[in-house]
Amino acid sequence: MNASPPANERSASRPLIAHVVYRFDVGGLENGVVNLINHLPSDRYDHVVIALTEVTDFRTRITRERVGFHSLGKPPGHGLAIYRDLHRLFRTLRPTIVHSRNLAASEAQLPAALAGVPIRVHGEHGWEVADVAGGRRSHHLQRRLLRPLIHRHVALSDEIRRYLEGRIGVPSRAIAQICNGVDVARFAPVPREAATKRRFGPVGERFPEADLFVVGTVGRLSPVKHQGLLVEGFVRALALLDALAPERARQLRLVVVGVGPDRAALEAQVASSGAADRIWITGSRDDVPALMADLDLFVLPSLAEGISNTILEAMACGLPVLATRVGGNAELIDEGRTGMLIPSDDVLAMATAIHGYAMSGPRIESQGRAARERVVSLFSIDAMVASYAELYDSLLDARRPARRGIATLRPHRLTEP
């Protein structure tokens, strides 16, 4: 797939930003790209999205005009062809800024430098599926080799910022820490009928009973997201409640939203759990805000995270969040006030926490209110977009010497960090 803004629709006064990702499909990283493109001022930047593998129908979430899309069809593994294809594409598009994201897309930095792209940015959003602890030496080496080619690194969490400084040797002045932002108008609490707490949204269509306590998660069904831990913890919590508070046990439900390679295994786990009638694996949905707002407790059972969009979206919906203590989760959750953190891959801790929330209505309500307030004040999409605009503008300004009072882009490279 090759589609770019026609040359006559691109203004010489608007820098072209090439956003490079491994695959442009449903995901938190990709959703961040969508939000950024849709909300950056349309009169200041043009955009093109380049996927090393493929651009899916997820592209329709970009509502802005004049956005190009390119799928390069990269096969698994490493190969020289992708460097050739990227070099040709950059020479054709002539972007002012190349912004790659995560290790898999960092391969774009070398052809971008060889093609003379003036400004090169790389974002680190979280660890790779094959390296959930961020400790693989080959990944350290790849990042160190590419470091001199990158003018600015973007770290989405303080953990990643420390990693880039301490393990990769990136100077602090060359790192911008920018958190994800959430659309607090799209993700917002939905009032319920106080007398019965009956849900009238999509969860209510599946589970129409009144006074339910619904636990849920949203994300790609993959090993690193570890939804199997949530299913097992939910089933154990159900057993605890059945022994101690059978009426509450009858009200407990679980909703898992998403698609991915682990779906078949997860469905098999649910089928053999003895609680299949209490668990709904929804598959792909286009009404995630409504689903999320229909929950009582949001859970993120990941083995690794950067800065989780879904945590922020859940908090914006007025939900307390139960998450594993990995990555940037502790930076988002004010523990005890907006949610709870538990050890990674700990089934007993997961079950105990779900049981505790199910038995505590006041804690659910107070933490949900505090979570919404925290997102609105600290993690709005406007704040994220403003930070990226400031980053891009500062890098552009570094290349604009005053010439008779008119700012012009210089053709030579920025001073390397």
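If you read the sequence shown in this note's numbering, its first letter stands for residue 24, the second for the next number, and so on.
Ideal Cβ positions, reconstructed from N, Cα and C, are used throughout, including at glycine.
On a predicted model such as this, the values are computed, not experimentally measured, just so you know.
Strand pairing of residue i, partner residues [DSSP]
i    : result
A178 : E147 and Q200
E234 : According to the sequence provided, residue 234 is Asp. The question's Glu does not apply to it. Answer by DSSP bridge pairing: none, since D234 is not bridged.
I365 : T347
S123 : V43 and H145
T240 : V279
G306 : V280 and G281
V72  : H42 and F92
S441 : It is not possible to answer for residue 441, since the shown part of the chain is limited to 24 through 440.
F321 : G239 and V344
V78  : F47
E358 : G362
Cβ pair residue i, residue j closer than 8 angstroms
i    : j    : result
G149 : G329 : yes
S3   : Q165 : Lying before the first or after the last residue shown, residue 3 is absent from the chain, which here runs from 24 to 440.
A127 : Y186 : no
P343 : A394 : yes
I120 : Y415 : yes
T333 : G139 : no
I304 : V293 : yes
R271 : M382 : yes
G239 : V278 : yes
L63  : A421 : no
H176 : I198 : yes
R348 : I365 : yes
R82  : D69  : no
V71  : H93  : yes
I377 : A260 : yes
G350 : E182 : yes
P8   : L59  : It is not possible to answer for residue 8, since the shown part of the chain is limited to 24 through 440.
P212 : C340 : yes
Integer-rounded CB distance, given that residue j should sit under 8 angstroms from residue i
i    : j    : result
V237 : D300 : That pair is no contact at about 14 angstroms.
L345 : L320 : 6 angstroms
A406 : G204 : 6 angstroms
Q250 : L314 : In fact, because the Cβ distance is near 15 angstroms, the residues do not count as touching under 8 angstroms.
V398 : L335 : 6 angstroms
L103 : A41  : Rounded, the Cβ-Cβ distance is 20 angstroms, inconsistent with contact.
R167 : I191 : 6 angstroms
V258 : A131 : Going by Cβ atoms, the distance from V258 to A131 rounds to 44 angstroms, so no, they are not a contact pair.
V322 : L253 : 5 angstroms
L112 : I142 : About 17 angstroms; that fails the 8 angstroms criterion.
With 16 other Cβ atoms within 10 Å as the buried cut-off, status of residue i
i    : result
T86  : exposed
D309 : exposed
L109 : buried
G96  : exposed
R276 : buried
D234 : exposed
T361 : buried
D66  : exposed
S417 : exposed
R184 : buried
N31  : The predicted model places N31 with a pLDDT of 41, which falls under 50 and marks its position as unreliable; any figure quoted below should be read in that light. It counts as exposed.
L371 : exposed
E232 : exposed
P225 : buried
R114 : exposed
R170 : buried
S367 : buried
P324 : buried
S331 : buried
G359 : exposed
A218 : Caution applies to A218, whose pLDDT of 46 falls short of 50 and renders its modelled position unreliable; the value that the coordinates give is listed next. The residue in question, A218, is exposed, as its Cβ has fewer than 16 Cβ neighbours within 10 Å.
Pairwise C-alpha distance: residue j and residue i
i    : j    : result
E228 : R222 : 8 angstroms
H162 : L326 : 18 angstroms
D80  : G242 : 17 angstroms
S307 : L244 : 10 angstroms
I404 : L179 : 14 angstroms
I105 : R209 : 37 angstroms
L263 : D357 : 27 angstroms
F230 : R37  : 50 angstroms
M338 : D265 : 29 angstroms
V98  : F47  : At residue 98 the sequence reads Pro, which differs from the Val that was named. For P98 and F47, the distance between alpha carbons rounds to 15 angstroms.
G297 : A291 : 11 angstroms
G189 : N352 : 20 angstroms
V4   : S400 : What the structure shows of the chain is the stretch from 24 to 440, and residue 4 is not part of that stretch, so it cannot be assessed.
A135 : R84  : 27 angstroms
D369 : P284 : 22 angstroms
A409 : D206 : 14 angstroms
Y380 : R107 : 54 angstroms
M363 : L75  : 37 angstroms
A287 : G256 : 19 angstroms
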